[in-house]
Amino acid sequence: MGNNELMIRDAKKFTDEELKQYADEHVLYELSMLHETAALLAAYQFQGPYSEAVYNALLESFLVHARNLVDFLYKESEFGGARTTDVVVEDYLLVPNQLQALVPVTQLLRDTKIRADKQVSHLTTNRATEYIAENKGLAYLQVYADILLAFKSVANFLSSQKVSDRFFGIIDDHYVKVLPGIKIGAILKLKPSFHPHDQLETDCVHPERSEGSSLPQ
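Printed below as a string of structure tokens:
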């Protein structure tokens, strides 16, 4: 079965093996890109004529991947329910409709989803008023931390028939190696081409606020 055929089907009709394949290919991709864009933003230096455009592109990419993961974790329970083609964390539970362990969505993650919807994905009046007029800064390291905490909180409730050992391992790896750095305002240094199959390096880089940047203090 090709990827296109898999993608247009009702997610609730996926087999356990198809869900496992989807998580390995797509959910881990979103997580890896969240890691990469957060790390690149943390180390970013405003130099050269295109530095602001590149920074904006990185920030918008981070927002899109963060929004996708927030939807995966909370769309069914917090954001009006998933469509039949949406793959959400409920599809991976050991016991259907049992998600007590998932930590409540933080206000920061709510705001991040709204910002991605209104400021990045669509041209709306909200974009011109609420989000452009406000401080454009985004506490992206804390967004990343909140998403990691959400994944970790629900990991023990996911079915091993639907989630691979590698998926569990990467969630644990991010939680153990990345989260402590985020809490002190640092993030793990990226490999040249970080991939979900790789292990994370343990060296940290500490972001220094550059003029015009919106790094957390």
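Heads up, this note's numbering is the position in the sequence shown plus 1316, with the first residue counted as 1. Note that the Cβ used here is the ideal one computed from N, Cα and C, for glycine as well. On a predicted model such as this, the values are computed, not experimentally measured, just so you know.
Residue i in three-state terms, based on DSSP
| i | result |
| --- | --- |
| Leu1389 | helix |
| Leu1409 | strand |
| Leu1418 | coil |
| Asp1462 | helix |
| Lys1434 | helix |
| Phe1362 | coil |
| Tyr1382 | Before going on, a small fix: residue 1382 reads as Ala here, not Tyr. Of the three classes helix, strand and coil, the one that applies to Ala1382 here is helix, per DSSP. |
| Val1535 | Nothing can be reported for residue 1535, as the shown portion of the chain is limited to 1317 through 1533. |
| Lys1468 | helix |
| Ala1369 | helix |
Beta-carbon separation (whole angstroms), residue i vs residue j, contact threshold 8 angstroms
| i | j | result |
| --- | --- | --- |
| Leu1344 | Ile1463 | Contact flag wrong, Cβ pair sits at about 13 angstroms. |
| Leu1424 | Val1459 | 6 angstroms |
| Ala1339 | Phe1483 | 5 angstroms |
Unbroken alpha helix (DSSP H) run spanning residue i, endpoints
| i | result |
| --- | --- |
| Phe1483 | 1481–1489 |
| Phe1473 | That residue, Phe1473, is in no alpha helix (DSSP H); it is neither H nor E in DSSP. |
| Thr1353 | 1344–1358 |
| Ile1430 | 1423–1431 |
| Glu1334 | 1332–1338 |
| Gly1396 | Counting along the chain, Gly1396 falls outside any alpha helix (DSSP H), and DSSP gives it neither H nor E. |
| Lys1328 | Taken as a continuous stretch (DSSP letters only), Lys1328 belongs to no alpha helix (DSSP H), as it is neither H nor E. |
| Ile1498 | 1495–1499 |
Selection from the options that minimises the alpha carbon distance to residue i
| i | options | result |
| --- | --- | --- |
| Ala1358 | Leu1375, Gly1397, Ser1348 | Leu1375 |
| His1351 | Val1470, Leu1457, Asn1472 | Leu1457 |
| Ser1348 | Thr1428, Val1494, Val1470 | Val1494 |
| Ser1475 | Lys1328, Val1370, Asp1332, Asp1326 | Asp1332 |
| Ala1466 | Gln1363, Tyr1366, Ala1417 | Ala1417 |
| Ser1393 | Val1421, Thr1401, Phe1484, Thr1400 | Val1421 |
| Pro1496 | Glu1341, Lys1336, Gly1396, Ala1461 | Ala1461 |
| Gly1396 | Lys1328, His1381, Arg1426 | Arg1426 |
| Lys1336 | Lys1478, Thr1353, Asp1489, Ala1455 | Lys1478 |
| Gln1414 | Val1470, His1381, Arg1482 | Val1470 |
| Ser1377 | Phe1362, Thr1353, Val1419 | Thr1353 |
| Phe1330 | Asp1407, Glu1368, Pro1365, Ser1367 | Asp1407 |
| Lys1499 | Ala1455, Ser1480, Asp1481 | Ala1455 |
Neighbourhood of residue i by C-beta, 8 angstroms cutoff - its chain only, sequence neighbours within 5 removed
| i | result |
| --- | --- |
| Phe1388 | Val1343, Glu1346, Val1403, Val1404, Val1405 |
| Glu1450 | Because the pLDDT at Glu1450 is just 42, under 50, the model does not fix this residue reliably, and the point stays unresolved. |
7 angstroms Cβ shell around residue i - same chain, five flanking residues per side excluded
| i | result |
| --- | --- |
| Leu1379 | Thr1428, Arg1431, Ala1432, Val1436 |
| Tyr1390 | Val1421 |
| Lys1468 | Ile1487, Tyr1491 |
| Val1411 | none |
| Thr1400 | Asp1326, Ala1327, Lys1328 |
| Met1317 | Note on Met1317: pLDDT 47, under 50, position unreliable in the model; the coordinate value appears next. Result list for Met1317: empty, nothing under 7 angstroms. |
Residue i beta carbon near the ligand MG (any heavy atom closer than 7 angstroms)
| i | result |
| --- | --- |
| Asp1481 | The ligand MG is absent from the structure shown, which contains no ligand whatsoever. |
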